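Asker:
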Amino acid sequence: MGTLYQPLESPIQDLKVTIHNTSLVFPSQETPKKPMFLPNIDQVLNFDVQTLHFFNANPEFPPEIVTERLRIALSRVLVHYDFLAGRLGMNQESKRLEFDCNSDAGAVFMVASSELTLNEIGDLVYPNPGFRQLIAHENIDILEKDDKPLCILQVTSFKCGGFVMGFSTNHITFDGISFKTFLQNLASQAFDDDNNTPKPLAIVPCNDRTLLAARTPPRVTFPHVELLKLDVPIGEELNAKVFETLQEELEFKIFKLNSSDINSLKEKAKDENTPNSKITSFNVVTSYVWRCKALSYDDENNSERISTVLFAVDIRPRLNPPLPQSYTGNAVLTSYASATCHELEEGPFSKIVDLVSQGGKRMNDEYARSAIDWGEINKGFPNGEFLLSSWWKLGFSQVEYPWGKPKYSCPVVCHRKEIILLFPNIDDGINNNNDGVNIFVALPPKQMKKFESYFNKFLLD
4 MGTLYQPLES PIQDLKVTIH NTSLVFPSQE TPKKPMFLPN IDQVLNFDVQ TLHFFNANPE
64 FPPEIVTERL RIALSRVLVH YDFLAGRLGM NQESKRLEFD CNSDAGAVFM VASSELTLNE
124 IGDLVYPNPG FRQLIAHENI DILEKDDKPL CILQVTSFKC GGFVMGFSTN HITFDGISFK
184 TFLQNLASQA FDDDNNTPKP LAIVPCNDRT LLAARTPPRV TFPHVELLKL DVPIGEELNA
244 KVFETLQEEL EFKIFKLNSS DINSLKEKAK DENTPNSKIT SFNVVTSYVW RCKALSYDDE
304 NNSERISTVL FAVDIRPRLN PPLPQSYTGN AVLTSYASAT CHELEEGPFS KIVDLVSQGG
364 KRMNDEYARS AIDWGEINKG FPNGEFLLSS WWKLGFSQVE YPWGKPKYSC PVVCHRKEII
424 LLFPNIDDGI NNNNDGVNIF VALPPKQMKK FESYFNKFLL D
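Oh and the sequence shown: position 277 is 280 in my numbering, straight run, nothing missing.
Encoded structure:
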């Protein structure tokens, strides 16, 4: 049955990291200076995303060789992702954010080392505040105070010869799918250490973001209850602080469902009354987490309260014509499912899965285009009780580099009660990387106690 994830030992929070060198990396070939249009999906994602990619030691690739290979590979790949070497700006005429593809600005490349071995830093799955030392944030000494790069790569080596790539990228640059494509292309350029003859890209990126431009005139054909309109003056950009909640004490725990648990949930989801439900691993896990989260809410009248779960849907294959799978940028929109807490507690699990399934099916071409057009008329954000953000099957750990695949890849997480994360198991070479799922939850103590109780109870029902 599902379990509470227990770290192997208390994580070391001081990783004893020293920064040795910071430099700017530019495209290896000249690229044109130009503005890049950013569609409405991108306009609300002006905040940074940090990811870590840990690698075991490889005697054939000591850290100094890896570091130089990555620096060259980044320079090569920036030819095809020229916006990463540019900066984000405001078009004063349209009052919209856009990329200034000015390769003279550059991406940031940092070289660091830790006094610890990879094993000494502890469990890689369990979120460790010390991991923030593995990713550059602010006050980069070679930059002007107001210079905000779109891409920072910090390579930190460990005493054992292992190392970690720490990426900080503005979310406007990539969604999870296009970031994996970027990693595949970065890896492809690291295979060849001859500066003059780089290998072909693994996947040629599609950088045409006008493919997701709003229609003219915009046509909002659905109510879009999953979006909340905000009164923001024209020309004033939305800020991620809108998402911030009041300061409160939060506990965080990781709950684990193994493959047997997920298969059991799929069996419970089968019902002749809901024959059109799409019973996938994601849908049953989302439904299960939604049920536990909604019922943990600290409210005496919780039974009739309407709970809404939000989740991202990749719209690439859902548009007509479909977007290229290699589309670079954010091609995900927020879908939702809603029910009363009474329905979530007393109703059959199959009905909850059906609600989530229908939420995903809702995202067809017209619905997606209507949501994009909504963003042309309004400024706002997704609106629901919580967002379930899945890193589970993005496959970052399956990218093949010259020195092998990552031991583990993960986001650097923040404790936010309105966001629940799904992320994979560590690949120990025995179990499949997608065998089961880890569920990161941050809640006030009283709600966490109820969440844990429901999590254990419903698996036994």
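Ideal Cβ placement from N, Cα and C applies to all residues, glycine included.
Computed from a prediction, not measured in an experiment: that's the story for all the values here.
1) L189 and V80 look like a contact to me (Cβ under 8 Å); what is the Cβ gap, rounded to whole Å?
2) CB-CB under 6 Å to N435, same chain, minus the five flanking residues each way: which ones, in chain order?
3) Tell whether a beta-carbon distance below 8 Å holds between L313 and Y339.
4) Would you mind sorting S160 into buried or exposed? The rule is 16 or more other CB atoms within 10 Å of its CB.
5) Reducing DSSP to helix, strand and coil, say where C344 ends up.
6) Jot down the residue ranges of each uninterrupted beta strand (DSSP E) in the stretch 251 to 302, minimum 3 residues, whole runs only, in chain order.
7) Whose C-beta lies closer than 7 Å to the C-beta of D103 among residues of the same chain, with five residues either side of it excluded?
8) Could you check what DSSP says for S106 in three-state terms: helix, strand or coil?
9) What residues match up with V69 in a beta bridge as DSSP calls it?
10) Y457: which of L358, W293, Y404, P414 sits nearest, CA to CA?
11) Which partner residues does R90 have in the DSSP bridge list?
12) Counting C-beta neighbours from all protein chains within 10 Å, is the total for P324 16 or more, i.e. buried, or is it exposed?
13) Sort P66, G109, D126 by Cα distance to C163 and report the nearest one.
14) In this structure, how does DSSP classify S306 when only helix, strand and coil are distinguished?
15) Quick one: what's got a C-beta closer than 6 Å to S26's C-beta in the same chain, skipping five residues either side?
16) Here's a check: name, in chain order, each residue in its chain whose Cβ is nearer than 8 Å to the Cβ of L146, leaving out the five neighbours to either side.
17) What residue range does the alpha helix (DSSP H) around I44 cover?
18) Compare the Cα-Cα distances from S106 to each of L326, S181, T34, V335 and report the closest residue.
19) Around the C-beta of R218, are 16 or more other C-beta atoms found within 10 angstroms, so that it is buried, or is it exposed?
20) Apply the 10 Å Cβ neighbour rule to T213 and answer buried if 16 or more other Cβ atoms are within range, or exposed otherwise.
21) Would you check if the distance between the CB atom of T337 and the CB atom of P385 is smaller than 8 Å?
22) Quick check on N173: does DSSP put it in helix, strand or coil?
23) Report the residue ranges of all beta strand (DSSP E) runs contained in full by the stretch 5 to 39; include only those spanning at least 3 residues, in chain order.
24) Taking I138 as the reference, give the member of D51, I175, E118 with the closest Cα.
25) Over the uninterrupted alpha helix (DSSP H) stretch that includes V356, give me the two end residues.
26) Under the three-state reduction of DSSP, which class applies to N435: helix, strand or coil?
27) Please determine, among Y129, I282, V20, L446, the residue with the shortest C-alpha to C-alpha distance to S353.
28) Just to confirm, is the Cβ distance from K232 to N381 under 8 Å?
29) Under the three-state reduction of DSSP, which class applies to P414: helix, strand or coil?
30) Rounded to whole angstroms, what's the CA-CA distance from G387 to D126? Just pull it up for me.
31) Note down the Cα distance separating E466 from A272, rounded to an integer number of angstroms.
32) Which residue from H56, E421, I375 puts its Cα closest to that of Q46?
33) By DSSP, does S392 sit in helix, in strand, or in coil?
34) How would you label I265, buried or exposed, when you count the other beta carbons within 10 angstroms and need 16 or more for buried?
35) Can you tell me the Cα-Cα spacing of A193 and L73, whole angstroms?
36) Starting from K452, trace the alpha helix (DSSP H) in both directions and tell me its first and last residue.
Answerer: On the basis of the coordinates in this document:
1) Right, their Cβ atoms sit about 5 Å apart.
2) With a pLDDT of only 48 at N435, under the threshold of 50, the placement of this residue in the model should not be trusted; the figure read from the coordinates follows. Excluding sequence neighbours, N435 sits near nothing in its chain.
3) Going by beta carbons, L313 and Y339 fall inside the 8 Å limit.
4) S160 counts as buried, since at least 16 other C-beta atoms from the protein chains shown sit within 10 angstroms of its C-beta.
5) In the three-state scheme derived from DSSP, where H, G and I count as helix and E and B as strand, C344 is classed as helix.
6) As for any beta strand (DSSP E) of minimum length 3 sitting wholly inside the stretch 251 to 302, the runs are 254 to 260, ordered along the chain.
7) P38, G89, R90, G92, listed in sequence order.
8) Three-state result, S106: coil.
9) Answer is none; V69 lacks a bridge partner.
10) Here the closest residue by C-alpha is W293.
11) Its beta-bridge partners are D103.
12) Exposed, because fewer than 16 other Cβ atoms sit within 10 Å of the Cβ of P324.
13) The shortest Cα separation from C163 among P66, G109, D126 belongs to P66.
14) Of the three classes helix, strand and coil, the one that applies to S306 here is helix, per DSSP.
15) Cβ neighbours of S26 beyond the five flanking positions: F112.
16) Same-chain partners within the cutoff: V111, P152.
17) Its alpha helix (DSSP H) spans residues 43 to 46.
18) Selected option, being the one with the closest Cα: T34.
19) By the 10 Å Cβ count, R218 comes out exposed.
20) T213 is exposed by the Cβ-count criterion.
21) Cβ atoms of T337 and P385: closer than 8 Å.
22) N173: strand per DSSP, three-state reduction.
23) Taking only runs of at least 3 residues, the beta strand (DSSP E) segments lying wholly in the stretch 5 to 39 are 20 to 28.
24) For the residues D51, I175, E118, the minimum Cα distance to I138 belongs to D51.
25) Run containing V356: 352 to 364, per the alpha helix (DSSP H) assignment.
26) At N435, the pLDDT of 48 sits below 50, so the modelled position is not reliable and the matter cannot be decided from this model.
27) Closest by C-alpha distance to S353, out of Y129, I282, V20, L446, is I282.
28) Cβ atoms of K232 and N381: closer than 8 Å.
29) Residue state for P414 is assigned as strand, using DSSP reduced to three classes.
30) Rounded to the nearest angstrom, the two C-alpha atoms are 32 Å apart.
31) Examination of residue 466 is not possible in this model, given that the chain is present from 4 through 464 alone.
32) Answer by Cα proximity: I375.
33) S392 falls in the strand class under three-state DSSP.
34) Buried.
35) Using only the alpha carbons, I get a separation of about 6 Å.
36) Counting along the chain, the alpha helix (DSSP H) containing K452 begins and ends at 448 to 463.
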